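Numbered per this note's numbering, the sequence shown spans residues 302 to 573. One structure is given here, and the rest of the page talks about it.
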Amino acid sequence: MHDDFVANLRLLCSYYPSIAEVCRRLEINRAQFNRYLSGRYRPRHAAMRRLCAFFGVEEHELYLPHENFVSLVQAGRLPVESSRQGGVEWPDALLQRGREDMARYLGRYFEYYHSMAQPGHIIRTLVCLEERESGIVYQRTERMQGANQVRPCHNRYTGVAVKLADRIFLTDYETLNGYEVTHTILFPTFQSQVTRLTGLRLGVADNSERMPCCVRVLFERIDEQVGLRRALSQCGLLALDDPSLDAALLAAVRNDVAPGEPHFRARHQREF
Numbered sequence: 302m303h304d305d306f307v308a309n310l311r312l313l314c315s316y317y318p319s320i321a322e323v324c325r326r327l328e329i330n331r332a333q334f335n336r337y338l339s340g341r342y343r344p345r346h347a348a349m350r351r352l353c354a355f356f357g358v359e360e361h362e363l364y365l366p367h368e369n370f371v372s373l374v375q376a377g378r379l380p381v382e383s384s385r386q387g388g389v390e391w392p393d394a395l396l397q398r399g400r401e402d403m404a405r406y407l408g409r410y411f412e413y414y415h416s417m418a419q420p421g422h423i424i425r426t427l428v429c430l431e432e433r434e435s436g437i438v439y440q441r442t443e444r445m446q447g448a449n450q451v452r453p454c455h456n457r458y459t460g461v462a463v464k465l466a467d468r469i470f471l472t473d474y475e476t477l478n479g480y481e482v483t484h485t486i487l488f489p490t491f492q493s494q495v496t497r498l499t500g501l502r503l504g505v506a507d508n509s510e511r512m513p514c515c516v517r518v519l520f521e522r523i524d525e526q527v528g529l530r531r532a533l534s535q536c537g538l539l540a541l542d543d544p545s546l547d548a549a550l551l552a553a554v555r556n557d558v559a560p561g562e563p564h565f566r567a568r569h570q571r572e573f
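So this is what it looks like as structure tokens:
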């Protein structure tokens, strides 16, 4: 078992009077839970869902480097079940209407776009969309590693997704410092399977300049057999000649303006 998972689980348990109290509330066998804490066993899918629901975390957060996880816990977090995102009260009627026909889009995606802070690179992030009682919510995780960093750091964003009049709108905020809100608009797909979605993303560069930028973005569906840790390990900055970036993907995120275009526009998949 990954040491970070064990350390993160132990940290969450430390906020309760005892391990026995945690097991009682979880309605889980103490001996079995001790195996998780010792790293001898990994919780199965059903048990993992119970752990995440109880502690109010996402599964892949439990595998974050421990120092990053400590920062998330100490900074506090808003429950993603709530319709309040980034301090904004989302109308329930809008959230309910916006979840229609969104079931086929639920799951995990790699998000690609030209880095706003590191020109000449593509950034690949992990986006997880899921359905909650309040509507469709998602989490976006950036994995960044500087030249002098021993371990990568992670930025985490949570947000709401709604589908309105054949467009998918995503709005999220950065949860650690609360310094950024981003907006993304995607084209839906009319194919039988959801593979790639394209659109535009508006945000600020993650550096001291904090320049507002708009970039073309591509979401690529991740196979369900790929685990969260493996998917997260593939995220980060990529060179433009990285072999994992195919020509169609590079064309989709290229930030050029065609002759005669009066605005910076999204490009539908059929346009490249």
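Idealized CB from N, CA, C, for every residue including glycine. Nothing here was measured: the structure is a model prediction, and the numbers come from that model.
Residue pairing from DSSP leaves His564 without any beta-bridge partner. Closest in alpha carbon position to Ser493, among Ala404, Asn369 and Arg351, is Ala404. In summary, Phe565 is exposed, with fewer than 16 beta-carbon neighbours lying within 10 Å of its beta-carbon over all protein chains present.
Leu546 and Ile423 do touch by the CB rule: their CB atoms are close to 6 Å apart, below 8 Å.
The C-beta of Phe411 has 16 or more other C-beta atoms within 10 Å across all chains shown, which makes the residue buried.
Linking Tyr364 to Asp467 through their CA atoms gives a straight-line distance of about 36 Å. Per DSSP, reduced to three states, the secondary structure at Gly408 is strand.
Just measuring C-alpha positions, the residue of Asn335, Ile523, Thr485 and Glu368 sitting nearest His455 is Glu368. Taking C-beta atoms as the reference points, Gly500 and Arg517 count as a pair closer than 9 Å.
Going by DSSP, Ala549 is part of the alpha helix (DSSP H) stretching over Ala548 to Val554.
Excluding residues up to 5 positions away in sequence, Leu538 lie with their Cβ nearer than 7 Å to the Cβ of Gln419 in the same chain.
Secondary structure at His569: coil, using DSSP grouped into helix, strand and coil.
No Cβ-Cβ contact shorter than 9 Å links Pro489 with Leu503. Taking the Cα of Asp543 as reference, the smallest distance to any Cα among Pro560, Tyr413, Pro453 and Met512 is reached at Tyr413. Apart from sequence neighbours up to five positions away, the residues of its chain that approach Asp507 with a beta-carbon distance below 6 Å are Ala418, ordered along the chain. CA-CA distance, Cys314 to Phe334, rounds to 11 Å. DSSP lists Ile424 as the beta-bridge partner residues of Tyr414. For the pair Leu541 and Leu529, the CB atoms are not nearer than the 9 Å cut-off. The straight-line gap separating the alpha-carbon atoms of Arg555 and Gly408 is approximately 25 Å. Straight-line measurement puts the Cα of Arg345 at about 10 Å from the Cα of Leu352. One Cα belongs to Arg331, the other to Tyr337, and the distance between them is close to 10 Å. Rounded to the nearest angstrom, the gap between the Cα atoms of Leu465 and Leu519 is 19 Å. For Tyr458, the secondary structure class from DSSP, reduced to helix, strand or coil, is strand. If one requires a minimum length of 4 residues, the alpha helix (DSSP H) runs lying completely within the stretch 313 to 360 are 320 to 327, 331 to 339 and 346 to 356, in chain order. Cβ-Cβ separation between Arg457 and Leu373: approximately 7 Å, consistent with a contact (criterion under 8 Å). CA-CA distance, Ala347 to Glu360, rounds to 12 Å.
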